[in-house]
Amino acid sequence: MFLSFFSLEDFKEGQVLLFDKPLEWTSFQLVNKVRWLIKKNYGIKKIKVGHAGTLDPLATGLLIICTGKFTKTIHEIQGLPKEYTGTIRFGATTPSYDLETDIDKTYPINDLQPAIIKTKAASFEGDIIQKPPVFSALKKDGKRLYEYARKGQEIKIEGRPVRIDEFSIGKINLPDVEFKVKCSKGTYIRSLAHDLGQVVNNGAHLTELRRTKIGDFNVENAYTLDTFIAKLPKDLS
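Numbering of the sequence shown is given in the working numbering, commencing with residue 494 and proceeding in unit increments.
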């Protein structure tokens, strides 16, 4: 998959590139950076580049970027199951269900029991109806949900069917709990964190998230931006 072995024709025909998205970058920013690097290094004035599944700015991990004719495979890749690891913090909630917004309510954690957290997490496994966060890019009546949220407008959000194949709990050091999730397309891990807090009669939000797999594509085989640039014929970093 090393770019230095690619010819100009390879990029014209198209490539599927695996990237480890940096923290605080939007998926769109990474796509734009990759497009610019390819055009400058290979003398391409115009090339199709797109990603196969958004990652939130506060998440890291696998982002698949397709070029050329392979952009036609984006829809297929988007439908593949996903795997994530991360950390949930109990004892507090936020409107966005993660660190994008400030804490709006706190809860005592003295009575939280690790065994119950593990059992309740496993109870989400299977086909469920999940309500997306109001701070999301989903549209309702032509507007993004986060546009309503930022204006403080109340909006009814319908639940959506998703499948959770695994929701397992790892290291517990309250208030922080590490987890692993295997899930279908369209699952919001932020919502899982929030909902887990509710079912243990507490509050919770997501503090770390990393996407590790999309189908058989693994972040272990992904470029960082630096290793990608290092494989280009020119240093345009």
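Yeah, the Cβ is synthetic: ideal placement off N, Cα and C, and Gly gets one too.
- Going by C-alpha positions, valine 692 is about 12 angstroms away from alanine 615.
- Separation of the CB atoms of isoleucine 621 and valine 655 is rounded to 6 angstroms, and the pair is thereby assigned contact status at 8 angstroms.
- In terms of CA proximity to leucine 725, Tyr535 leads the group Thr680, Tyr535 and Asn525.
- Less than 8 angstroms separates the beta-carbon of valine 542 from that of threonine 560.
- Isoleucine 648 and leucine 530 do not touch by the CB rule: their CB atoms are close to 39 angstroms apart, not below 8 angstroms.
- Straight-line spacing of the CA atoms in proline 588 and proline 625 works out to 12 angstroms.
- Taking a 10 Å sphere around the C-beta of threonine 717, we find fewer than 16 other C-beta atoms and assign the residue as exposed.
- Membership of isoleucine 567 in the alpha helix (DSSP H) is indicated by the continuous run 567–571.
- Between the alpha carbons of glutamate 517 and aspartate 503 lies a gap of roughly 30 angstroms.
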